[in-house]
Amino acid sequence: MTPSASPSGSLYFAIQRRRNRGLGGLYLVVAAFLVVYGVLFPGLLSVGGFSKFSQNWFPLALVTMAQALLMLNGGISLAIGPLVSLGGVVAAITMGGPAGAFGGLLAVVVAGLVIGALTGLIVAYMRLPAIIVTLAGSFIITGVALLLLPRPGGSIPDWLSQALAGQQPTAFALLVLVLCAWKLFLATPLGIGVYAVGDNPVGAFRSGVPVERVRVVSFAVSGLLAALAGLFVAAQTGSGDPVIGTSFTLNSIAGAVLGGVGFLGGKGTMRGAIAGSLLLSVMINVMFFLGFPPVAQYVAQGVIIVGAVAIPEFAGRWRKA
Amino acid sequence: MKAASISRGLLRNPPLITLALVALVWIVAGLSLRGFAAVGHLRYILELSAIIGIVAAGQTLVILVGGIDLSVGAVITVTAILLPLISPDWDPTGLLGVVLTLAIAAVIGLANAMGQVFLKVPAIIMTLAMATFLQGLLVLIAGGSAVSVTNEAVIWLGSARPFGVPAGIIVWIAVAAAVLTAIHRRPFGARLLALGANPLAARLSGVDVSRTTFAVYALAGLFSGLAGLLVLGMNRQGYVGIGDPYLMTSIAAVVLGGTSILGGRGSYAGTIPGAILLVTTTALITVVNASPGWRSIMFGSLILALLLISGREAQR
């Protein structure tokens, strides 16, 4: 490298290359599945087909990001699904009222951030294990959603449903927007702290990273993402449902794991998690089009999750030998 | 002075705290609620606790070695649905079906361990994947409909009361005695705690990590299967999703009993009152006649509150 080369630029690309390392196989598998899907369902290439596909993918991508964000700094959340339900419920009961769509959006954002931050405060400052706190939290959040809306109901304004889940690829545009926001967040000191805290909490602490604050902010942002996914699901169905999000807890973990995010923190990348959620989404769609019964998707999901973790492990051992 | 040291000793002993909480809740509820302290009602609470207690026996072992088993709910569902299907008609006692089903449950546990030992998949991922896999496979094999049980042995297990004690509670006592002996009186227990506290040090000290992992997860599967048979015997019907409530409650019972979720520290002695406490509070919340929403909130707050009292992890 010549000294005249812009040092920050080369460093940037060096880091990007490092983040992409080990993900080549995943990208290939995702691409292969996308091709299969495109062949089975040529409509994917039309605007409407692409819109529908991205609408299926979008909430899964959001919850996977929410989960991966926590897993990257050594946490985990079992309350993702209940938060999705709560986000949808809050949207459905506020948007039809005097608050209007924007008041409702604000309510969803506040609910997600506050619940996430509260969880984070308990985990970070009381030093309780995230898995149990969020397990307890999942019951409390489900309860709140059931109190607000005991049975499916409420309404999302029709124009909003049309705008989010209509024939335009709005969902994809929103996802790009979210990814840009994530990039900006990563550029802040707190964002860098997310990776640092997961990789080596003690080292991060000694280098001046506010470890506790990073954990709280991660939980808050994660809550926000999950609640927004709930808003989107509510817009898709046109109403709120207090238990609609249940399956998202496991799927968010599955997406993150498929994307190579480890459970102990510091291992994995957000781009991997996004690719993982895309793989999961495409896989579900492909199996649907191949005429498998809906439950066969679970069988495949179980096998693929184990494979996603075991194969790189084997490849690593084989390379060493 | 002596009282102070005793109370400090109590606070350092999570199983005793949980037991004291159970006693407190029972006394308060017995004095304030008509019918709570009736023998029949308390016996029913213990009978329900037995199921959670047996599932949580396996979960305790797994958490002690630093793992977690997210497939216990799925194993319960598998046994509850498979038993009526594989019990042969020519066996009037139904014992053969019971043995076959328990063997299948143990094999599922072994498969969980194999994934971890041979494929190096972390416990949480392996058992999560196993749960997902079983959930799909079950619907593919059995269809979505409920199956009624005709197996004599299982019906006996769910309804018999030798000397007035429900069979489920007797099974629980046997399981508890075996697990407590294994943890505290056998080398197996020492290996378990060593492995959970520090896997590398345990391996270097000669603990056979693979064998211990196999044993622990096979036992977890076996105990879940046993609980599944009890659930089936009490319900008389197996259906998809019958085991789902037991996953989170089994973990909660272990944590309420003061066992560290990170492994290496704890005992089944705490899980037993933990299971009873969970069932008692659920019963109380039902008595108060709260809406499902409030019930869920109270349950979650209870776990959180007990965690704040007893479950603090070591400082970083």
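As they're listed, the protein sequences go chains A and B. Under our numbering, residues 204 to 524 are what the first sequence spells out, in order. Under our numbering, residues 13 to 328 are what the second sequence spells out, in order. Backbone N, C-alpha and C fix where the C-beta goes; we use that ideal spot for every residue, glycine too. Keep in mind the model is a prediction, meaning the values are calculated, not measured.
query = So does the segment 177-190 of chain B actually touch the segment 58-66 of chain B, counting three or more Cβ pairs closer than 8 Å?
reply = yes
- Do three or more CB pairs link the segment 277-285 of chain A to the segment 337-355 of chain A at distances below 8 Å? yes
| said: Tell me which residue opens and which closes the alpha helix (DSSP H) that T292(B) is part of. | reply: 280-299
Q) Under the three-state reduction of DSSP, which class applies to R328(B): helix, strand or coil? A) No answer about R328(B) holds up, because its pLDDT of 34 lies below 50 and its placement is not dependable.
message: Please tell me whether R328(B) has its Cβ less than 8 Å away from any Cβ of chain A.
response: At R328(B), the pLDDT of 34 sits below 50, so the modelled position is not reliable; the number obtained from the coordinates is stated separately. Interface residue, yes.
- Task: Flag M329(A) as yes if its beta-carbon sits less than 8 Å from any beta-carbon of chain B, otherwise no.
- Result: yes
Do G462(A) and G479(A) come within 8 Å of each other at the CB atom, strictly closer than that value?
yes
Q. Would you report the Cα separation of I334(A) and A264(B), rounded to the nearest angstrom?
A. 11 Å
ask   = In three-state DSSP terms, what is V159(B)?
value = strand
### Task
Hey, could you find the ends of the alpha helix (DSSP H) N25(B) is sitting in?
Where N25(B) is concerned, there is no enclosing alpha helix (DSSP H), given that its DSSP letter is neither H nor E.
- Give the single residue among M310(B), L234(B), L122(B), D101(B) whose Cα lies nearest to the Cα of T345(A). M310(B)
I'd like to know whether the C-beta atoms of V336(A) and V133(B) end up nearer to each other than 8 Å. no
message = On the criterion of 16 or more Cβ atoms from any shown chain inside 10 Å, does G293(A) qualify as buried, or is it exposed?
response = The residue you asked about is not Gly; residue 293(A) is Val in the sequence shown. Buried.
Taking only runs of the alpha helix (DSSP H) that begin and end inside the segment 320-399 of chain A, which ones reach a length of at least 4 residues, in chain order? 333-351, 361-368, 373-390
**Message:** With the cut-off set at 8 Å, would you say L259(B) and V84(B) are in Cβ contact?
**Reply:** yes
*asked:* Taking CB distances under 8 Å as the criterion, tell me whether G127(B) reaches chain A.
replied: yes
Checklist line | CB contact below 8 Å: F226(B) versus chain A | finding: no
Check: Mind checking A327(A): buried by the 16 CB within 10 Å criterion, or exposed?
Finding: buried
Worksheet item: Where A208(A) and M268(A) are concerned, what is the direct C-alpha to C-alpha distance, given to the nearest angstrom?
Response: Any reading at A208(A) needs caution, since the residue's pLDDT is 45, under 50, leaving its predicted position unreliable; the model's value is listed next. So the two alpha carbons sit approximately 35 Å from each other.
Chain A within 8 Å of P304(B), Cβ atoms only
yes
Tell me which same chain residues have a C-beta within less than 6 Å of the C-beta of G79(B), skipping the five on either side of it? A135
- Task: Can you have a look at S157(B) and say buried or exposed, based on whether 16 or more other CB atoms are within 10 angstroms of its CB?
- Result: exposed
Measure the C-alpha to C-alpha separation of Y501(A) and F495(A) and round it to an integer number of angstroms.
-> 11 Å
Let me check understanding here. Comparing Cα to Cα, which of A430(A), R418(A), A459(A) lies closest to P445(A)? A430(A)
Can you tell which of D220(B), S160(B), T293(B), L152(B) has its C-alpha closest to the C-alpha of R248(B)? S160(B)
So that I know if they touch, is there some Cβ in chain A lying closer than 8 Å to that of A123(B)?
no
Would a check of beta-carbon distances place I137(B) closer than 8 Å to chain A?
yes
Flag P301(A) as yes if its beta-carbon sits less than 8 Å from any beta-carbon of chain B, otherwise no. no
Practice item. Answer with buried or exposed for R474(A), where buried requires no fewer than 16 other C-beta atoms within 10 angstroms of its C-beta. Key: buried
Margin query: Distance check for M138(B) and S364(A), CA to CA, integer angstroms please.
Written below: 38 Å
Just tell me which of V498(A), V485(A), I508(A) has its CA closest to the CA of F253(A). V485(A)
Apply the 10 Å Cβ neighbour rule to Q219(A) and answer buried if 16 or more other Cβ atoms are within range, or exposed otherwise. exposed
Assuming G278(B) and G270(B) are in contact, meaning their beta carbons sit under 8 Å apart, how far apart are those beta carbons, in whole angstroms? 6 Å
In terms of residues, what are the limits of the alpha helix (DSSP H) holding P445(A)? Per DSSP, P445(A) belongs to no alpha helix (DSSP H) and is neither H nor E.
- Select from the segment 494-513 of chain A all residues with a C-beta closer than 8 Å to any C-beta belonging to chain B, and list them in chain order. P496, V498, A499, Q500, Y501, V502, A503, Q504, G505, V506, I508, V509, V512, A513
Count the other CB atoms, across all protein chains shown, that sit within 10 Å of the CB of G246(A); report buried if there are 16 or more and exposed otherwise.
exposed
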